[in-house]
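Peer 1: Taken in sequence, the protein lines are chains A and B. The numbering used here puts the first residue of the first sequence at 466, with every later residue one more than the last. The numbering used here puts the first residue of the second sequence at 466, with every later residue one more than the last. Glycine included, C-beta positions come from ideal geometry on N, C-alpha and C.
2 protein chains.
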Amino acid sequence: MSTPGRGLHGQVLDTLGPEITAGEYPPGSVLRTDELAQRFDVSRSVMREAVRVLESMHLVESRRRVGVTVRPRSEWNVYDPQVIRWRLAGADRPHQLRSLTVLRSAVEPVAAGLAARNATAEQCKELTECALGMVAHSRGHQLEGYLFHDIAFHRVILNASGNEMFARLGDVVAEVLTGRTQHDVMFEDPDPAAVTLHVKLAEAVRERDAARAEELTREIAVGALQELDILAP
Amino acid sequence: MSTPGRGLHGQVLDTLGPEITAGEYPPGSVLRTDELAQRFDVSRSVMREAVRVLESMHLVESRRRVGVTVRPRSEWNVYDPQVIRWRLAGADRPHQLRSLTVLRSAVEPVAAGLAARNATAEQCKELTECALGMVAHSRGHQLEGYLFHDIAFHRVILNASGNEMFARLGDVVAEVLTGRTQHDVMFEDPDPAAVTLHVKLAEAVRERDAARAEELTREIAVGALQELDILAP
DNA sequence: GGGAACAAAAAGTCAGACTTATTTGTCACA
DNA sequence: TGTGACAAATAAGTCTGACTTTTTGTTCCC
């Protein structure tokens with residue numbers, strides 16, 4: 466997934482990024498470029514490039530005569546897919562999954578409503594195929610196949626919304642769904658009710674029923690929130 | 466605003482970033498590090514750091530023997546505050562404002578509902594103060610003062626939601642509100658109805674009425690969408 | 001025509017010297 | 001005692017040049 470080992474600086478980031486996002490260096494900690502370069506056995510130029518990337522993610526701040534200081538979590542670019550991946554791979558994975566699921570619950574219903582208005586015929590077809598795929602893999606421990614179609618389904622919805630901000634959350638949703646299947650919940654087959662809701666949603670989009678599409682997605686979201694014990698009483 | 470001129474590579478980005486996000490180099494265009502370094506009159510090391518940052522934003526991809534190729538817009542990290550700022554400063558500013566306003570309309574109602582549950586006493590107080598500030602500056606062309614309190618208001622809501630993903634949209638909302646005041650709409654005093662809604666929203670949060678807070682925010686969002694002629698029939 | 005060897009191109013890497021901003025400490029002076 | 005200016009130390013920032021590596025495109029031979 467993504468782009469592994471695109472150069473030495475990338476390899477450095479693969480270990481330094483997760484360390485920082487895991488909170489291994491508390492906010493305010495100071496790193497020295499030279500020391501880091503030694504530790505990773507790379508030249509200063511390579512290390513500097515890595516630091517620049519971390520800086521652009523607002524994970525650290527580099528200042529003369531001071532060093533590279535770790536920023537407080539509240540300033541991190543938490544929408545950066547790379548940061549999301551690092552955090553999902555670390556200790557606060559549960560916390561991250563919750564945050565993202567709440568975000569999904571806000572965004573996806575609106576996106577579905579827009580999709581019902583804007584989806585092309587091609588997208589409607591894809592949506593139906595995805596839903597059928599989910600049905601086909603909903604029984605008998607075919608979790609990988611189910612996941613695949615689930616991700617594709619939500620990606621089509623987000624893309625069909627016609628809003629680029631929504632569309633770019635496709636990767637985030639994919640990470641959340643993958644994470645959910647791989648680790649936390651879902652030991653057994655997916656909830657049949659959820660499968661039905663997806664089928665109905667595909668239908669609603671096909672029939673241009675925006676209000677119904679939005680409402681159905683809200684129900685799907687409630688299910689996802691409940692799975693993580695995020696109550697909305 | 467933000468952090469201007471943090472080193473030579475930053476200055477390069479200040480002009481190269483906007484150029485790319487403005488679509489000046491169409492997707493697939495190839496840039497050469499050496500040429501860029503010459504053009505900006507900086508060393509290759511500095512230029513490389515700049516390219517690394519653009520790469521981490523998924524604006525470009527750097528490959529050996531090929532050069533630095535511009536990626537299609539659909540792959541850009543459009544949630545990166547820097548990218549947002551660049552795009553807002555460029556030609557597709559209207560398009561960007563629409564996308565972001567739709568995003569707001571999805572996120573803020575849910576955030577407000579959560580804020581009604583999770584806001585601290587301190588946050589409730591701040592919210593009320595902001596609302597009062599908006600009222601106080603709502604007449605007589607005090608747009609700057611109104612804007613200031615409007616931004617603060619929405620920032621408090623997003624922070625009080627307790628969800629870090631929502632909280633980090635504070636900057637985005639600030640950019641949108643600022644952009645709206647500075648350029649496009651709002652020649653005259655703000656809509657009195659909007660001001661009233663904000664006051665009521667502060668009240669709803671104070672009274673822990675999540676459903677009402679959510680609904681009021683939805684009404685505010687509808688107003689924002691209408692201002693940009695984004696109809697939701 | 002297809003495949004292997006070769007050449008060219010551009011990014012990637014490294015090492016070292018030098019510059020500059022910022023902090024911190026010191027010392028003199030009020 | 002406090003305050004200001006000045007000096008030293010420090011770590012990032014910058015530049016240069018040489019070298020390596022990967023990828024692409026070409027050419028040549030079968």
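1) Inspect the beta-carbon positions of A667/A and L579/A and report whether they are closer than 8 Å.
2) Using a Cβ cut-off of 9 Å, pull out every chain B residue sitting near S570/A, in sequence order please.
3) Does the distance from the C-beta atom of E573/B to that of A686/B stay below 8 Å?
4) Count the other CB atoms within 10 Å of the CB of E514/B; is the residue buried (16 or more) or exposed (fewer)?
5) Consider the Cβ of L623/A: report whether some Cβ of chain B lies at a distance smaller than 8 Å.
6) G532/A by DSSP, collapsed to three states: which one?
7) Is there a Cβ of chain A sitting closer than 8 Å to that of V567/B, yes or no?
8) If you draw a straight line from the alpha carbon of H606/A to that of P655/A, how long is it in whole angstroms?
9) Any beta carbon from chain B within less than 8 Å of N583/A's own beta carbon?
10) Distance check for A556/B and R529/B, CA to CA, integer angstroms please.
11) What is the rounded straight-line gap between the Cα of V664/A and the Cα of D479/B?
12) What's the C-alpha gap between E679/A and L496/B?
13) Using a Cβ-Cβ distance cut-off of 8 Å, determine whether V477/B contacts chain A.
14) Confirm, please, whether the CB-CB distance from R620/A to A639/A is below 8 Å.
15) Where does G586/A land, buried or exposed, given buried means 16+ other C-beta within 10 angstroms?
16) Under a three-way DSSP split, which group does S527/A fall into?
17) Would you report the Cα separation of L642/B and N542/B, rounded to the nearest angstrom?
18) Using a threshold of 8 Å, state whether the C-beta atoms of W551/B and P483/B are closer than that.
19) Count the other CB atoms, across all protein chains shown, that sit within 10 Å of the CB of R673/B; report buried if there are 16 or more and exposed otherwise.
20) By Cβ distance below 8 Å, which residues in the same chain neighbour R563/A in space, the five residues on each side in sequence not counted?
21) Determine the extent of the alpha helix (DSSP H) in which A682/A is found, giving its start and end residues.
Peer 2: Taking the coordinates as given:
1) no
2) V575
3) yes
4) buried
5) no
6) strand
7) yes
8) 9 Å
9) no
10) 32 Å
11) 47 Å
12) 43 Å
13) no
14) yes
15) According to the sequence provided, residue 586/A is Ala. The question's Gly does not apply to it. It counts as exposed.
16) strand
17) 21 Å
18) yes
19) exposed
20) L693 and I695
21) Sequence inspection shows Thr at residue 682/A; the Ala mentioned does not correspond to that position. Element bounds for T682/A: A675 to E692.
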